[in-house]
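S.K.:
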Amino acid sequence: MSPTPFYGEIKMPKYLERFVPAGYENVPGAGLVIFANAILRIFFIAAGLFALWNFIQAGWMFMASSGDPKQIGMARDKILLSIVGLLIMVSSFVLAAVFGIILFGDATALIQPKLLLPGPTPAPN
Numbered sequence: 003m004s005p006t007p008f009y010g011e012i013k014m015p016k017y018l019e020r021f022v023p024a025g026y027e028n029v030p031g032a033g034l035v036i037f038a039n040a041i042l043r044i045f046f047i048a049a050g051l052f053a054l055w056n057f058i059q060a061g062w063m064f065m066a067s068s069g070d071p072k073q074i075g076m077a078r079d080k081i082l083l084s085i086v087g088l089l090i091m092v093s094s095f096v097l098a099a100v101f102g103i104i105l106f107g108d109a110t111a112l113i114q115p116k117l118l119l120p121g122p123t124p125a126p127n
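One gets my numbering by counting positions in the sequence shown from 1 and adding 2 to each.
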């Protein structure tokens, strides 16, 4: 009887099976890597949508400012900070790819992690 992982045994949903590398379908912990990857993707999508919302709000502030320099300055700041946030998001992917190339020889090593464990041992002769 194999020991139960400390985080319990949770069956992977069918729609996530396509993310598991071939040969690692029943490896304990593979689901955790997939889950963390999915959470990061959701985070970046939400951050992009938030930046889009800030652009829309800033445009509305520009139109509704009626020439008020304070309102125009606030709208300009909101646009600038949204652009800075998007640049930070993009640069995090670029840095992860660069470090992946330097450390692992693969640009996607940190962006799309894979659980590489030893395969089945060959039968003795």
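Where is the CB? At the ideal position from N, CA and C, for every residue including glycine.
1. Cα separation between residue 55 and residue 84?
2. Starting from the C-beta of residue 102, find all residues in its chain whose C-beta is less than 8 Å away, skip the five residues before and the five after it, and write them out in chain order.
3. Between which two residues does the alpha helix (DSSP H) holding residue 20 run?
4. Below 8 Å, how does it come out for the stretch 48–64 and the stretch 72–89: are there three or more Cβ pairs, yes or no?
5. Give me the Cα-Cα distance between residue 41 and residue 69, rounded to the nearest whole angstrom.
M.R.: The structure says:
1. 9 Å
2. 108, 109, 110, 111, 112, 113
3. Here residue 20 belongs to no alpha helix (DSSP H), and DSSP marks it neither H nor E.
4. yes
5. 42 Å
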